[in-house]
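Each position in the sequence shown, counted from 1, maps to that position plus 2 in my numbering.
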Amino acid sequence: MTEPTTIKTGSSEKAYTTLPGTVGPEVVDIRKFYADTGMFTYDPGFTSTASCQSAITYIDGDAGILLHRGYPIDQLAEQSSFMEVSYLLLHGDLPSATELKDFSWTISRHTMVHEQLSTFYRGFRRDAHPMAILCGVVGALSSFYHDSTDITDPKQRMIASHRLIAKMPTLVAMAHKYSVGQPFLYPQNDLSYTGNFLRMTFGVPAEPYEVNPIIEAAMDKIFILHADHEQNASTSTVRLAGSSGANPFACMAAGIACLWGPAHGGANEAALNMLREIGDVKRIPEYIARAKDKNDPFRLMGFGHRVYKNFDPRAKVMKATADEVLKELNITDPVLDVAKELEHIALNDPYFIEKKLYPNVDFYSGVILNAIGFPTEMFTALFALARTVGWVAQWNEMISDPEQKIGRPRQLYVGQTARDYMPVSSRIG
Ligand code: ACO
Numbered sequence: 003m004t005e006p007t008t009i010k011t012g013s014s015e016k017a018y019t020t021l022p023g024t025v026g027p028e029v030v031d032i033r034k035f036y037a038d039t040g041m042f043t044y045d046p047g048f049t050s051t052a053s054c055q056s057a058i059t060y061i062d063g064d065a066g067i068l069l070h071r072g073y074p075i076d077q078l079a080e081q082s083s084f085m086e087v088s089y090l091l092l093h094g095d096l097p098s099a100t101e102l103k104d105f106s107w108t109i110s111r112h113t114m115v116h117e118q119l120s121t122f123y124r125g126f127r128r129d130a131h132p133m134a135i136l137c138g139v140v141g142a143l144s145s146f147y148h149d150s151t152d153i154t155d156p157k158q159r160m161i162a163s164h165r166l167i168a169k170m171p172t173l174v175a176m177a178h179k180y181s182v183g184q185p186f187l188y189p190q191n192d193l194s195y196t197g198n199f200l201r202m203t204f205g206v207p208a209e210p211y212e213v214n215p216i217i218e219a220a221m222d223k224i225f226i227l228h229a230d231h232e233q234n235a236s237t238s239t240v241r242l243a244g245s246s247g248a249n250p251f252a253c254m255a256a257g258i259a260c261l262w263g264p265a266h267g268g269a270n271e272a273a274l275n276m277l278r279e280i281g282d283v284k285r286i287p288e289y290i291a292r293a294k295d296k297n298d299p300f301r302l303m304g305f306g307h308r309v310y311k312n313f314d315p316r317a318k319v320m321k322a323t324a325d326e327v328l329k330e331l332n333i334t335d336p337v338l339d340v341a342k343e344l345e346h347i348a349l350n351d352p353y354f355i356e357k358k359l360y361p362n363v364d365f366y367s368g369v370i371l372n373a374i375g376f377p378t379e380m381f382t383a384l385f386a387l388a389r390t391v392g393w394v395a396q397w398n399e400m401i402s403d404p405e406q407k408i409g410r411p412r413q414l415y416v417g418q419t420a421r422d423y424m425p426v427s428s429r430i431g
């Protein structure tokens, strides 16, 4: 039995239950705090606040540990597949061989999108950012699939989840095809989830497309590394949107909007752009100096993390994958040399050591995606594709949680106190 926590406010003291997790820090249950004290707690950015209980993903940021349903991310990345990890996140355990076959088959049956959806793409400018397109078309799915939107029915929730996991590769590939002016390719379901995506992105109807198994495996690994990351900004957005009972497809569009930001999923694009801008190892000291300068808003993109104050375990796998892919494609990319040297210099610099700033998952992913042939603007869209499974798993968990409530934070009001309205003719100035 865990000792209650006593909180002293002014002259009064109240005891609050401390809830233990299976692993990780305990949390103080402050649900009655306002009723007891008439005060709110203040925590911008939720740095000390657990917004829910979850059994999906565990992170120990100080130790650099990331577990999905208890399994370490490096084991999953090295030994599993994105389909298997998707099943694991959604259902809680690794699938048996039959369960995996059935799950993969089910996902492959949902890969096509309604034909009418392709007309939505034509409304976008050719140079629209793929994340702008995805916000629109994923939200638009809510107007197509009315038979999977009763969120109180677990079966309908699962159908909506399967649809989202299956259709994201098609929608992301279509966003790419639209930007380069090539025809959309229909899915080909005898290919793997990831092979199918590569073909829809890089294939053309005029020629057969052969999936390179090394690129397919690397891409699958990248998807695994991005599949879920507990209550990050976009997942919390999906949960918050979903907490009102909103349409699942619309909730995912909200997650995509949040992921787009450069402090979150947009960092992979920003990291590669930064590495290209640095261009030469000789210029690294200049950029390190800028990152340390309080008066310069520049930050080393792909460095630092809200939770990891030690090496991001995903970055280690990503670095090794970058080497593999570049070797397979016989590419020598000076950007990789800049990345390695920048990492080396930053990890030995007192500023980065003191602030515990390490490379995050986005630092090396851009180098790999660039080598495979994705334009930089597509990077965050690929992140969204992979994170969709995390979003639907967390959304399902939230809706089946009996303690779930509509998300409704409070505030510290610092505006005007009450004042009387004055007609415009009486206002001075
Ligand atoms: N370069 C230089 N300094 C940095 C960096 C960086 N990349 N990241 C943090 N710092 C410094 C801050 O200036 C701050 O210094 P101060 O204490 O002197 O004010 C200190 O380190 C703490 O930084 P915060 O911004 O308070 O940390 P927070 O947890 O809020 O931010 C974040 C985390 C947003 C990821 C931040 O490290 C950052 O902007 N990194 C670059 C963007 C990036 O790579 N984002 C991807 C995150 S991973 C993902 O979403 C998949």
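We put the beta carbon where it would ideally sit given N, CA and C, even for glycine.
Everything numeric in this text was worked out from a predicted model, so none of it was measured.
Annotated three-state conformation of I75 is helix, per DSSP. At a cut-off of 7 Å, the beta-carbon of R308 counts as near ligand 1: some heavy atom of the ligand is closer than that.
A distance below 6 Å between beta-carbons, with the five flanking residues on each side excluded, links K16 to the following residues of its chain, in chain order: I9 and D38.
About 4 Å separates the Cβ atoms of V363 and R316, confirming a contact at the 8 Å cut-off. Given a length threshold of 4 residues, each whole run of the alpha helix (DSSP H) inside the segment 206-250 is given here in chain order: 215-227 and 235-244. DSSP places A17 in the strand class (E or B) of the three-state scheme.
Per the C-alpha coordinates, the member of A291, L349 and H116 positioned closest to G306 is L349. Residue nearest to G409 within the set D62, R128, G125 and A248 is A248 (criterion: CA-CA distance). Closer than 7 Å to some heavy atom of ligand 1: that describes the Cβ of L359.
The beta carbon of A162 sits closer than 6 Å to the beta carbons of S150 and P250 from its chain, once the five residues preceding and following it are set aside; these are given in chain order. Between ligand 1 and M133, a heavy atom-to-CB distance of less than 7 Å is absent.
I135 sits in a helix when the DSSP states are folded into three classes.
Between ligand 1 and A259, a heavy atom-to-CB distance of less than 7 Å is absent.
Minimum Cα-Cα distance from K407 among the listed residues A341, T20, C54 and M41 corresponds to C54. DSSP, reduced to helix, strand and coil, places T154 outside both helices and strands of the structure shown, so it counts as coil. Rounded to whole angstroms, the gap between the alpha carbons of C260 and S428 is 43 Å. Burial of R241 is indicated by the presence of at least 16 other C-beta atoms within 10 angstroms of its C-beta. Taking 7 Å as the cut-off, one finds at least one heavy atom of ligand 1 near enough to the beta carbon of M303.
Shown here for E343: same chain residues with a beta carbon closer than 8 Å to its own, the five before and five after excluded, namely V283 and I286 in chain order. If you keep only unbroken beta strand (DSSP E) runs of at least 3 residues inside the segment 300-330, you get nothing at all. With contacts defined by Cβ atoms closer than 8 Å, V25 and T7 do not form a contacting pair. At a Cβ-Cβ threshold of 8 Å, S88 and V391 count as neighbours. Here P46 is exposed: its Cβ has fewer than 16 other Cβ atoms, across all protein chains shown, within 10 Å. Less than 8 Å divides the Cβ of M85 from the Cβ of L102. Assignment of beta-bridge partners to Y60 by DSSP yields L69.
Per DSSP, reduced to three states, the secondary structure at I167 is helical. Per DSSP, reduced to three states, the secondary structure at I333 is coil, with no helix or strand assignment.
Residue environment: R165 is assigned as buried (16 or more neighbouring CB atoms within 10 Å of its CB, all protein chains considered). Between A373 and A341, the alpha-carbon positions lie close to 14 Å from each other.
Taking G183 as the centre and dropping the five residues before and after it, the same chain places the C-beta of R128 closer than 8 Å to its C-beta, in chain order. The count of Cβ pairs closer than 8 Å, one atom from the segment 229-239 and one from the segment 195-210, stays below three, leaving the stretches out of contact. Distance between T382 and A269, taken at the CA atoms: about 8 Å. Scanning Y310, I217, W262 and I290 for the CA closest to the CA of A386 turns up W262. Taking the C-beta atoms as reference points, A229 is found no nearer than 8 Å to E326. Distance between L359 and D155, taken at the CA atoms: about 44 Å.
With a 10 Å radius around the Cβ and a threshold of 16 neighbouring Cβ atoms, R71 comes out buried.
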